[in-house]
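Counting in our numbering, the sequence shown runs from 1 upward without gaps. Think of the CB as a built atom: it goes at the ideal place given N, C-alpha and C, for glycine as much as any other residue. For reference, the structure is listed below as structure tokens.
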Amino acid sequence: MKFNPQEWKEKSHANFEGAWHEGPSVVTPPCEDKKYPRLQYKRAQPHPIFETINRLREIYLSLGFDEIENPVIVEESDIYRQFGPEAMAVLDRVFYIGGLPRPNVGIARAQLDAINEILKKQMPTATEEKLRETLHAYKKSEIDGDELTHELAKVLDTDDGNVVHILDSVFPEFKSLVPESSRSTLRSHMTSGWFMTLGSIWEKTPLPIRLFSVDRCFRREQAEGPTRLMTYHSASCVVAGEDVTIDDGKAVSEALLSAFGYEDFRFQPDDKRSKYYMPDSQTEVYAKHPVHGWVEVATFGMYSPSALGEYGIGVPVMNLGLGVERLAMIAYNSNDVRQLSYPQFFPRPLTDRETARAVHLREEPVTVEGKTLALAIARVATTNATAQGPCSFEAWDGTLFGTHVKVTIEETEANAKLCGPACANEIFVHEGNILGVPDVEKWKDVRTNGIATGISYLAAASAFAASEIEQAARCGKGTLVQVKMAKHPSDINLKIEDYAMRAITDNKKKIDVRGPVFLAVKSALAD
Numbered sequence: 001m002k003f004n005p006q007e008w009k010e011k012s013h014a015n016f017e018g019a020w021h022e023g024p025s026v027v028t029p030p031c032e033d034k035k036y037p038r039l040q041y042k043r044a045q046p047h048p049i050f051e052t053i054n055r056l057r058e059i060y061l062s063l064g065f066d067e068i069e070n071p072v073i074v075e076e077s078d079i080y081r082q083f084g085p086e087a088m089a090v091l092d093r094v095f096y097i098g099g100l101p102r103p104n105v106g107i108a109r110a111q112l113d114a115i116n117e118i119l120k121k122q123m124p125t126a127t128e129e130k131l132r133e134t135l136h137a138y139k140k141s142e143i144d145g146d147e148l149t150h151e152l153a154k155v156l157d158t159d160d161g162n163v164v165h166i167l168d169s170v171f172p173e174f175k176s177l178v179p180e181s182s183r184s185t186l187r188s189h190m191t192s193g194w195f196m197t198l199g200s201i202w203e204k205t206p207l208p209i210r211l212f213s214v215d216r217c218f219r220r221e222q223a224e225g226p227t228r229l230m231t232y233h234s235a236s237c238v239v240a241g242e243d244v245t246i247d248d249g250k251a252v253s254e255a256l257l258s259a260f261g262y263e264d265f266r267f268q269p270d271d272k273r274s275k276y277y278m279p280d281s282q283t284e285v286y287a288k289h290p291v292h293g294w295v296e297v298a299t300f301g302m303y304s305p306s307a308l309g310e311y312g313i314g315v316p317v318m319n320l321g322l323g324v325e326r327l328a329m330i331a332y333n334s335n336d337v338r339q340l341s342y343p344q345f346f347p348r349p350l351t352d353r354e355t356a357r358a359v360h361l362r363e364e365p366v367t368v369e370g371k372t373l374a375l376a377i378a379r380v381a382t383t384n385a386t387a388q389g390p391c392s393f394e395a396w397d398g399t400l401f402g403t404h405v406k407v408t409i410e411e412t413e414a415n416a417k418l419c420g421p422a423c424a425n426e427i428f429v430h431e432g433n434i435l436g437v438p439d440v441e442k443w444k445d446v447r448t449n450g451i452a453t454g455i456s457y458l459a460a461a462s463a464f465a466a467s468e469i470e471q472a473a474r475c476g477k478g479t480l481v482q483v484k485m486a487k488h489p490s491d492i493n494l495k496i497e498d499y500a501m502r503a504i505t506d507n508k509k510k511i512d513v514r515g516p517v518f519l520a521v522k523s524a525l526a527d
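Structure follows, in structure tokens:
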């Protein structure tokens with residue numbers, strides 16, 4: 001069920017333990033049809049980045065490259081070994097890994113009294129000593145941080161919620177901790193991992209070695225933008241062997257990129273000239289796409305023997321790197337990598353068809369007889385819509401829940417028609433707006449170019465009337481259902497999903513279903 005997040009935030013701040021225990025109250029008990037194994041999940045829409053990654057993986061495998069996972073955490077010393085004089089410039093763009101130090105928590109009488117007050121009981125001396133031992137074990141890293149709460153709960157013979165309250169209010173040391181940086185970094189180039197991997201296996205594996213990895217890298221950019229992210233995916237490979245040359249890079253580029261529809265290739269020297277590549281070997285790959293023309297899609301080069309020597313690697317190595325996001329941007333015609341990677345933060349406007357799918361009836365009859373009744377009401381009302389009142393027309397005679405019911409449509413006022421003029425209106429979605437319009441020249445554009453929901457005012461009102469009559473018959477009663485002037489969707493038995501309402505509000509669209517319906521349906525118990 002939906003709940004008020006602000007209310008729960010306040011509950012949690014006021015009484016964390018109580019709010020935590022109350023949490024299950026927001027879960028709606030499922031009906032039988034929503035329980036496993038009747039509950040099923042079916043195939044849905046893949047993410048464009050990971051769809052591209054899957055394609056790249058299959059292509060690499062088909063070319064005879066084995067898949068490998070390179071280390072993500074790289075020591076600062078490895079950056080110096082790999083990049084040489086460039087290391088400082090590279091380190092300017094890496095993320096160093098930091099962590100919180102383990103606090104030295106002292107337990108004086110004041111802390112023990114505060115804990116006793118929260119627990120509402122007096123700790124025995126043995127428990128106090130065990131508490132000190134546990135916190136000391138945490139300080140020495142004998143207990144992991146995610147285990148501390150549970151271990152303290154066992155010592156104090158209480159639940160985790162109380163322990164969280166104790167840590168928050170009795171030990172301010174935990175909240176005042178400041179992260180400290182290590183000399184470990186997050187991988188900024190897949191190259192960092194390749195040196196470490198090849199250094200470990202090159203003498204223990206038959207040559208040539210062909211490996212690939214499609215994985216995430218991290219780069220501390222000054223700012224993210226349409227073509228730059230602080231975390232991105234690199235589709236990288238290496239070929240290592242005695243006879244490996246720069247031509248392997250050209251051949252792998254063509255084999256890899258032709259599978260994505262690129263038809264022609266050209267190679268040109270890369271001006272960046274990274275020092276972990278041999279001089280004049282760093283090469284940019286431009287591929288010609290039938291739609292996008294010439295596009296820079298990859299870079300390859302031969303690793304410098306100076307860098308290879310740092311890891312004891314004694315054979316030539318060709319490395320090729322391809323930015324997954326760049327390739328996906330081209331494949332999906334995207335002009336902003338942020339929107340492609342994180343579409344949830346850049347919600348696109350709903351199409352008219354998607355908005356139309358979000359328009360439903362609030363109430364409908366549940367029985368076959370009730371559904372037949374709704375159709376009968378709409379049919380009789382349509383046939384006699386212009387009849388002048390006072391008038392009455394029998395719409396249905398049948399049984400609902402074992403009760404014999406007669407249903408009539410009536411108009412009690414003189415000189416008033418059986419149905420108001422808006423009964424004939426239909427619900428369309430046009431340019432993001434939800435509109436109730438009649439079949440007249442003024443609304444021709446909406447009816448021609450908009451998306452019909454298939455719901456008319458009369459159909460919606462008839463379903464509402466049939467539902468109400470059903471419920472009355474279940475109780476053995478008759479009823480009078482009146483739908484008068486429509487101002488809001490609910491007035492004509494319409495429900496619009498919340499996400500569509502939000503899209504309409506955010507994009508300054510409108511919902512206009514106003515109109516005089518004036519339909520009166522009466523049910524009576526038959527003798």
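Is there contact between the segment 77-94 and the segment 359-373, where contact requires at least three CB pairs shorter than 8 angstroms? Here the segment 77-94 makes no contact with the segment 359-373; the two share fewer than three CB pairs at distances below 8 angstroms.
Does M485 pass the burial test, meaning 16 or more other C-beta atoms within 10 Å, or should it be called exposed? With a 10 Å radius around the Cβ and a threshold of 16 neighbouring Cβ atoms, M485 comes out exposed.
Taking the CB atoms as reference points, tell me whether K130 and R102 lie closer together than 7 angstroms. At least 7 angstroms separates the beta-carbon of K130 from that of R102.
Complete runs of the alpha helix (DSSP H) confined to the segment 313-349 [at least 4 residues]: Look at the segment 313-349 and you find these whole runs of alpha helix (DSSP H), each 4 residues long or longer: 324-331 and 337-341.
Drop a sphere of 10 angstroms on the beta-carbon of C423, count the other beta-carbons inside from all chains shown, and report buried for 16 or more, exposed for fewer. C423 comes out buried.
Could you work out which residue in E117, L112 and H136 is closest to T125 when comparing CA atoms only? Between T125 and the set E117, L112 and H136, the nearest pair of CA atoms involves L112.
Should L61 go down as buried or exposed, given a rule of 16 or more other Cβ atoms within 10 Å for buried? That one is exposed.
Beta carbon of A235, beta carbon of V252: below 7 angstroms? Against a cut-off of 7 angstroms, the Cβ pair of V252 and A235 comes out as no contact.
Here's a check: name, in chain order, each residue in its chain whose Cβ is nearer than 7 angstroms to the Cβ of K487, leaving out the five neighbours to either side. If you ignore the 5 residues before and after K487, its C-beta comes within less than 7 angstroms of the C-beta of R514, all in its own chain and listed in chain order.
In angstroms, rounded to a whole number, what distance separates the CA positions of F428 and I511? Inter-residue distance for F428 and I511 is about 10 angstroms (C-alpha atoms, whole angstroms).
Below 8 angstroms CB to CB, which residues in the same chain sit around N433 once its five sequence neighbours on both sides are set aside? Taken in chain order, the residues that qualify are I504, K509, K510, I511 and D512.
Inter-residue spacing [alpha-carbon to alpha-carbon] between A524 and T403: Each residue's alpha carbon lies about 10 angstroms from the other.
Whole-number beta carbon distance between I409 and V521, since they are thought to touch under 8 angstroms: Confirmed, about 5 angstroms.
Sequence-distant residues of its chain with Cβ nearer than 8 angstroms to I68 (five each side left out): Annotation for I68: T197, L211, F212 and S213 place their beta carbon closer than 8 angstroms to its own, counting only its chain and skipping 5 residues before and after.
Starting from the C-beta of G199, find all residues in its chain whose C-beta is less than 7 angstroms away, skip the five residues before and the five after it, and write them out in chain order. Its chain contains Y311, G312 and I313 as the residues whose beta carbon lies nearer than 7 angstroms to that of G199, once the 5 sequence neighbours on both sides are disregarded; these appear in chain order.
What whole-angstrom Cβ distance do N162 and I107 have, given they're in contact under 8 angstroms? The pair is not a contact, with the Cβ atoms about 17 angstroms apart (cut-off 8 angstroms).
Would you call the segment 452-466 and the segment 488-504 touching, i.e. three or more CB-CB distances under 8 angstroms? These segments touch.
Leaving out five residues before and five after F195 in sequence, what residues of the same chain have Cβ atoms less than 6 angstroms from its Cβ? Closer than 6 angstroms at Cβ, skipping near neighbours: Q82 and Y311.
For A526, tell me which candidate among D397, E426 and D498 has the shortest Cα-Cα distance. Taking each of D397, E426 and D498 in turn and checking the Cα distance to A526, the smallest one comes out for D397.
Proximity below 7 angstroms, CB of K250 to CB of F267: Yes, Cβ-Cβ distance for K250 and F267 is below 7 angstroms.
Can you list, in chain order, the residues of its chain with a C-beta nearer than 6 angstroms to that of Q482? Leave out the 5 residues immediately preceding and following it. Same-chain partners within the cutoff: A520.
Per-residue burial, S341 [other beta carbons within 10 Å of its own, 16 or more giving buried]: Under a 10 Å Cβ-count criterion, S341 is classified as buried, with 16 or more other Cβ atoms of the shown protein chains found around its own Cβ.
Please state the DSSP three-state secondary structure of V239. DSSP places V239 in strand when its eight states are reduced to three.
Taking DSSP as the reference, what is the three-state secondary structure of G98? Note: G98 maps to strand in three-state DSSP.
Alpha carbons only, please: which of L156, E7, N116 and S25 is nearest the one belonging to E133? The option with the nearest alpha carbon to E133 is L156.
Run the CB neighbour count on A414, radius 10 Å, all protein chains shown included, and call it buried at 16 or more, exposed below. By the Cβ-count criterion, A414 is exposed, with fewer than 16 other Cβ atoms from all chains shown falling within 10 Å of its own Cβ.
In whole angstroms, what separates the C-alpha of V238 from that of T283? The C-alpha of V238 lies about 15 angstroms from the C-alpha of T283.
Helix, strand or coil at N70 [DSSP, three-state]: Three-state result, N70: coil.
When DSSP labels each residue in this structure, what does H150 get in the three-state scheme? Looking at H150 - three-state DSSP - the assignment turns out to be helix.
Please check the pair G301 and M278, which I expect to be a contact at CB under 8 angstroms, by giving their CB distance rounded to whole angstroms. The beta-carbon separation of G301 and M278, rounded to 7 angstroms, stays under the 8 angstroms limit for a contact.
Where H136 sits in the DSSP three-state scheme: The answer is helix: DSSP assigns H136 an H, G or I state.
Measure the alpha-carbon distance for R362 versus A460 and round it to whole angstroms. Rounded to the nearest whole angstrom, the CA to CA distance from R362 to A460 is 9 angstroms.
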